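K.L.:
Residue numbers (numbering that gives the first Met the number 0), protein chains in the order written: chain Y, 0 to 336; chain R, 0 to 336; chain W, 0 to 336. Glycine is no exception: its CB is placed at the ideal position from the N, C-alpha and C atoms. These figures come from a predicted structure and were not determined experimentally. One structure coming up, written as structure tokens, with questions to follow.
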Amino acid sequence: MKFTVDQIATMIQGAVEGDGTQHITGFDKIEEGKSGSISFLSNPKYESYLYDTEATAVIVAADLDLKSPVKSTLIRVKEPYVAFTILLQKYQEMTAKRETGIQVTAHVAGGINVGKDLFVGHLAFIDANSSIGNYTSIYNHVSIGKNVQIGDNCIIYPGVVIYNDTVIGNNVIIHANAVIGADGFGHAPQADGTYKAIPQLGNVVIEDDVSIGANATIDRATMGSTLIRKGVKLDNLVQIAHNVEIGANTAIAAQTGISGSTKIGENCLIGGQVGIAGHISIAPKTIITGQSGVTKSIKTPGQTMGGFPATNNVDNLKRSALIRQLPELFEKINKIK
Amino acid sequence: MKFTVDQIATMIQGAVEGDGTQHITGFDKIEEGKSGSISFLSNPKYESYLYDTEATAVIVAADLDLKSPVKSTLIRVKEPYVAFTILLQKYQEMTAKRETGIQVTAHVAGGINVGKDLFVGHLAFIDANSSIGNYTSIYNHVSIGKNVQIGDNCIIYPGVVIYNDTVIGNNVIIHANAVIGADGFGHAPQADGTYKAIPQLGNVVIEDDVSIGANATIDRATMGSTLIRKGVKLDNLVQIAHNVEIGANTAIAAQTGISGSTKIGENCLIGGQVGIAGHISIAPKTIITGQSGVTKSIKTPGQTMGGFPATNNVDNLKRSALIRQLPELFEKINKIK
Amino acid sequence: MKFTVDQIATMIQGAVEGDGTQHITGFDKIEEGKSGSISFLSNPKYESYLYDTEATAVIVAADLDLKSPVKSTLIRVKEPYVAFTILLQKYQEMTAKRETGIQVTAHVAGGINVGKDLFVGHLAFIDANSSIGNYTSIYNHVSIGKNVQIGDNCIIYPGVVIYNDTVIGNNVIIHANAVIGADGFGHAPQADGTYKAIPQLGNVVIEDDVSIGANATIDRATMGSTLIRKGVKLDNLVQIAHNVEIGANTAIAAQTGISGSTKIGENCLIGGQVGIAGHISIAPKTIITGQSGVTKSIKTPGQTMGGFPATNNVDNLKRSALIRQLPELFEKINKIK
């Protein structure tokens with residue numbers, strides 16, 4: 000990357016304050032700003048870094064009042080973080096060179112349907128009767144089973160395993176070593192204490208614009224489909240059990256697990272290491288704080304829930320506060336006695 | 000699949016009520032029943048779906064009293080869920096076509112011992128001195144180390160890594176990207192604050208009829224063996240540390256972790272996201288509720304345990320209830336004062 | 000292995016008590032000691048096993064007073080566990096035969112920089128502009144992206160995925176199917192409820208002597224680097240989010256997750272299934288007990304912290320004890336009323 004501060008200001012519709020002819024060659028966090036880099040200040044908490052940073056340019060809010068002189072050239076915009084993100088995206092688009100073609104060491108079964116400008120990396124494997132859309136990248140060591148459909152503009156990172164019958168929409172990103180479509184955990188107990196496996200004959204359906212983290216697991220349905228709706232974002236090591244449905248634009252942080260047949264509404268925000276019981280439903284726009292355990296359906300949309308068993312987080316925090324006051328309470332009681 | 004309702008009734012020894020000549024071409028959950036499909040009703044909670052379903056046939060209990068007319072043909076059996084599962088299994092057996100042979104892009108080291116009708120998928124790797132039994136399927140991208148023994152009728156899904164010296168029985172299923180036999184987490188602290196790795200010279204032994212979930216990890220023993228007994232079922236992302244022993248027919252749900260040298264009895268049921276401390280033992284038939292933390296040995300068999308630190312779940316639920324009553328308690332105390 | 004007890008005593012500078020001419024052919028835990036094996040007794044809790052073991056030799060403390068006669072030959076040393084570990088290490092060094100060379104089925108892109116005595120396993124893949132140091136082993140099915148640097152004496156186990164731009168020092172061990180450098184979980188919410196991905200343009204830097212468990216995930220930084228300092232030990236299924244820094248010699252047990260931009264000090268000990276919030280910092284030498292949830296920065300070094308939200312563990316255990324006394328407290332209050 001090599002742009003002047005003025006050119007960058009034009010890209011993000013900002014006003015330059017200082018020397019706009021300087022060259023920018025990289026990005027830095029404001030506290031790590033180096034000569035030649037551009038940074039941003041969004042959270043007022045970090046304002047003190049602005050007066051010390053070595054960054055050549057800093058994107059700041061249009062209405063920021065400077066408390067001290069700054070060395071950097073400023074670009075003033077309405078929303079510094081959004082402007083910076085746009086800049087990162089433009090940079091990524093300019094520098095990313097998509098490879099195309101099927102590498103010689105990949106193995107693609109006969110009779111599969113491939114789109115234009117497909118990329119299949121070295122040592123990848125695509126089994127029979129699958130179809131892959133246009134501009135999709137299948138990286139090395141990916142395993143794609145039989146009867147799998149993958150849409151356009153998808154990126155499947157190395158080592159991902161996609162079992163038979165999975166259906167994936169457009170613009171889906173799956174990070175390395177995630178597993179899509181393994182058997183649900185269904186074992187029928189027998190009289191002698193052993194288990195008989197319940198055949199898992201359904202599949203996984205992933206709609207458009209979904210992103211799935213590294214080493215995440217999404218199990219196929221017993222019957223029907225485990226459903227990941229449009230725009231869902233799953234972090235690393237998330238577990239989605241059989242017959243679960245995750246509503247559109249719901250984001251789930253790392254190491255959270257959703258048990259079988261549970262339905263999560265749209266636009267929920269679920270923290271990390273949360274556990275959600277099976278066969279329940281969570282209303283849209285629910286926020287669940289990290290490490291919570293949800294044992295019952297949540298029916299009112301838009302609540303923040305926390306704790307174990309999860310309740311409205313206001314109650315949960317109140318209870319936590321009271322628990323911290325228990326030592327004084329016990330003392331008081333002893334005095335009263 | 001194409002059978003008449005009468006043919007299906009014969010398979011599961013049921014009595015037909017309605018038109019038995021109709022054709023069935025698939026399975027559905029009762030609430031999603033479509034024309035041509037067969038479903039079942041087991042849990043009385045879902046009985047209302049019976050009167051609305053579009054399913055051509057529904058398997059119901061022999062003694063079910065109908066509260067309204069139904070459109071579907073009924074097949075009455077003693078245990079509808081069991082009958083339905085049998086049907087799914089028969090279907091799976093009829094439709095599953097096992098592949099055999101070693102694919103050309105697989106790499107199998109010389110001198111390994113292979114059974115009859117083995118399948119080794121594309122780009123799989125089997126190292127020296129290993130032996131694989133009859134009718135076992137090793138899918139694509141599987142890595143099998145040196146001196147590994149795998150029994151008959153096993154299915155090892157894509158991307159599974161099996162380290163040197165692992166011993167696996169018959170009818171074992173390991174889902175994608177699980178890792179068997181990595182080094183236990185053993186690091187001896189040194190005076191200067193660094194660690195020295197303690198060599199992990201043992202192995203993992205997995206007995207017959209075990210099933211292991213996607214991205215699960217089972218570490219090799221420091222000395223001796225980490226032992227997964229006959230019939231154990233492990234869900235996705237479960238972690239089994241070095242020198243652990245899991246008793247026969249114990250089932251462990253997703254994201255649970257068992258610390259080093261702990262022994263779990265047989266026929267236990269362990270929920271998801273449970274943590275179990277190291278060097279303890281859990282009595283047979285213990286049930287542990289999801290997200291619990293077990294810090295001490297559990298000596299009496301057959302208890303249900305919950306909470307952190309886990310206690311008998313009756314006490315745990317009582318404590319939870321009292322915690323929910325803390326706000327009133329604090330108010331009461333203030334009044335008394 | 001075939002040594003006499005006398006020879007082994009010389010290796011670990013111990014004093015023989017009993018017949019030193021006997022031959023040792025393996026290692027066993029004391030409770031599983033067999034003829035021909037050597038074991039050790041370190042924890043006094045297990046002393047009773049000493050009087051029953053069939054082990055040919057047992058390493059014991061120099062000052063141990065025998066309460067009964069023993070069959071085994073004893074080797075007396077200052078620290079039995081340390082001596083035993085040294086023995087295991089010597090054994091491992093003697094028996095481990097490193098393979099070298101690039102296997103024919105591996106695919107290594109042109110123009111990469113490889114050290115001497117490199118090993119690249121079957122079906123591994125190394126992309127362009129990467130460099131690998133001397134004596135490093137890249138096992139089968141490993142995926143190494145572009146511009147990756149790996150130092151000397153590293154072991155990268157099967158199925159590991161290392162994304163573009165990762166930098167790895169010397170003596171680093173990464174266990175199977177771990178993922179290094181996937182995109183951080185950064186999604187900017189849009190007005191219509193959807194998300195826009197924030198480009199993750201940074202990388203992961205792993206310093207010398209680090210060990211990473213199977214199926215662990217370490218995300219690349221948004222800008223700059225996610226940093227794993229010298230001597231860090233991460234267990235299986237650990238999640239390290241973008242822009243995290245883990246201080247030197249910190250050890251983290253299985254299934255723990257560290258949220259974005261958090262800085263962990265050096266020489267910390269973090270238990271399993273711990274969750275640590277984002278954008279906080281943890282002082283050096285902090286100990287965090289298993290399943291805790293850390294929501295705020297910990298500023299005083301050397302504390303043991305526990306619970307959710309984590310506090311000093313003395314307070315946490317006190318609170319737990321009081322919670323267990325709630326039933327009596329409620330009764331007392333009712334009587335007072």
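Write down the C-beta distance between Ser270(R) and Gly292(R) rounded to the nearest angstrom, noting that I regard them as a contact closer than 8 Å.
P.N.:
Residue 270(R) is actually Gly in this sequence, not Ser. The pair is not a contact, with the Cβ atoms about 12 Å apart (cut-off 8 Å).
K.L.:
Run through DSSP, which three-state label would Ile37(R) get?
P.N.:
Ile37(R) falls in the strand class under three-state DSSP.
K.L.:
So for Tyr45(R), helix, strand or coil by DSSP?
P.N.:
Three-state result, Tyr45(R): helix.
K.L.:
Here's the rule I'm using: 16 or more other beta-carbon atoms within 10 Å means buried, otherwise exposed. How should Ile245(R) be labelled?
P.N.:
Classification for Ile245(R): buried.
K.L.:
Going along the chain, which residues of the stretch 119-136 of chain W sit with their C-beta nearer than 8 Å to a C-beta in chain R?
P.N.:
Within the stretch 119-136 of chain W, the residues whose Cβ lies closer than 8 Å to some Cβ of chain R are Gly120, His121, Leu122, listed in chain order.
K.L.:
On the DSSP letters alone, give me the boundaries of the beta strand (DSSP E) that Ser71(R) sits inside.
P.N.:
Segment: none, Ser71(R) is in no beta strand (DSSP E) and carries neither H nor E.
K.L.:
Check this for me: beta carbons of Ile11(R) and Val76(R), under 7 Å apart or not?
P.N.:
Cβ atoms of Ile11(R) and Val76(R): closer than 7 Å.
K.L.:
Mapping DSSP to helix, strand and coil, what is Glu31(W)?
P.N.:
If DSSP states are grouped into helix, strand and coil, Glu31(W) belongs with the helices.
K.L.:
What is the residue span of the alpha helix (DSSP H) that Leu328(R) lies within?
P.N.:
It spans 325-335 - the alpha helix (DSSP H) in which Leu328(R) sits, taken as one unbroken run.
K.L.:
According to DSSP, simplified to helix, strand and coil, what is Met222(R)?
P.N.:
Reduced to three states, the DSSP call for Met222(R) is coil.
K.L.:
Would you say Asn176(Y) faces chain W, with C-beta separation under 7 Å as the test?
P.N.:
Chain W, which has a Cβ nearer than 7 Å to the Cβ of Asn176(Y), makes this yes.
K.L.:
Going along the chain, which residues of the stretch 220-253 of chain Y sit with their C-beta nearer than 7 Å to a C-beta in chain W?
P.N.:
If the cut-off is 7 Å between Cβ atoms, the stretch 220-253 of chain Y has Gly230, Lys232, Asp234, Asn235, Leu236, Asn248, Ala250, Ala252, Ala253 near chain W.
K.L.:
Can you list, in chain order, the residues of its chain with a C-beta nearer than 6 Å to that of Gly120(R)? Leave out the 5 residues immediately preceding and following it.
P.N.:
Contacts found: Gln102, Tyr138, Asn139.
K.L.:
Give the list of continuous beta strand (DSSP E) stretches no shorter than 3 residues that lie fully inside the stretch 206-290 of chain R.
P.N.:
Listed in chain order, the complete beta strand (DSSP E) runs (minimum 3 residues) inside the stretch 206-290 of chain R are 216-218, 224-227.
K.L.:
Identify the residues that DSSP records as bridge partners of Met304(R): which are they?
P.N.:
In the DSSP output, where bridge partners are listed per residue, Met304(R) has Ile287(R), Asn311(R).
K.L.:
Do you know offhand how far Thr288(R)'s Cα is from Gln272(Y)'s?
P.N.:
Cα to Cα, Thr288(R) sits roughly 16 Å from Gln272(Y).
K.L.:
With three or more C-beta pairs closer than 8 Å as the rule, is the stretch 167-178 of chain Y touching the stretch 193-200 of chain Y?
P.N.:
These segments do not touch.
K.L.:
I want to verify the contact list: residues of chain R whose CB lies under 9 Å from the CB of Leu328(Y), in sequence order.
P.N.:
Correct list: Leu325, Leu328, Phe329, Ile332.
K.L.:
Check whether chain Y comes within 7 Å of Ala181(W), counting only Cβ atoms and requiring the distance to be less than that.
P.N.:
True, the Cβ-Cβ gap to chain Y drops below 7 Å.
K.L.:
What span of residues does the beta strand (DSSP E) with Asp179(Y) cover, start to end?
P.N.:
Looking at the sequence shown, residue 179(Y) is not Asp but Ile. Counting along the chain, the beta strand (DSSP E) containing Ile179(Y) begins and ends at 178-181.
K.L.:
Assign Lys298(R) to one of three DSSP states: helix, strand, or coil.
P.N.:
In this structure, Lys298(R) counts as coil in the three-state DSSP scheme.
K.L.:
By alpha-carbon positions, which one of Val4(R), Gly13(R), Lys96(R), Gly100(R) ends up nearest to Ala61(R)?
P.N.:
That would be Gly13(R), whose Cα lies nearest to the Cα of Ala61(R).
K.L.:
So with CB distances below 9 Å, who are the chain Y contacts of Ile211(W)?
P.N.:
Neighbours of Ile211(W) on chain Y: none; closest Cβ ~13 Å, over 9 Å.
K.L.:
Do Gly230(R) and Thr193(Y) have their C-beta atoms closer together than 7 Å?
P.N.:
Cβ distance < 7 Å, so Gly230(R) and Thr193(Y) count as in contact.
K.L.:
Any idea if Ser34(W) is buried or exposed, counting beta-carbon neighbours within 10 angstroms, 16 or more meaning buried?
P.N.:
When all chains shown are included, Ser34(W) counts as exposed.
K.L.:
Is it true that the CB of Arg318(R) sits closer than 7 Å to the CB of Ile322(W)?
P.N.:
Yes; because the gap between Cβ atoms is below 7 Å, this pair is in contact.
K.L.:
Apart from the five residues on each side of it in sequence, which residues of its chain come closer than 6 Å, Cβ to Cβ, to Thr303(Y)?
P.N.:
Result list for Thr303(Y): Ile286, Asn312, in chain order.
K.L.:
If you drop the 5 nearest sequence neighbours on each side, which residues of the same chain put their C-beta closer than 6 Å to that of Leu122(W)?
P.N.:
Here the set comprises Thr104, Asn139, His140.
K.L.:
How big is the Cα-Cα spacing for Ile167(R) and Asp234(R)?
P.N.:
Cα-Cα distance, rounded: 18 Å.
K.L.:
What three-state label does DSSP hand Lys89(R) in the structure shown?
P.N.:
Three-state result, Lys89(R): helix.
K.L.:
Residues bridged to His22(R) by DSSP?
P.N.:
His22(R) is bridged to Thr3(R).
K.L.:
Within 7 Å of any Cβ in chain R, is that where the Cβ of Ile197(Y) sits?
P.N.:
Yes, contact with chain R.
K.L.:
From which residue to which residue does the beta strand (DSSP E) around Lys195(Y) run?
P.N.:
That run of the beta strand (DSSP E) goes 194-196.
K.L.:
Is the CB-CB distance between Phe39(R) and Pro68(R) below 7 Å?
P.N.:
Their beta carbons are not under 7 Å apart, which means Phe39(R) does not touch Pro68(R) by this criterion.
K.L.:
Quick one: which chain R residues come within Cβ less than 9 Å of Asn139(Y)?
P.N.:
Here the premise fails: no neighbours, minimum Cβ distance about 10 Å.
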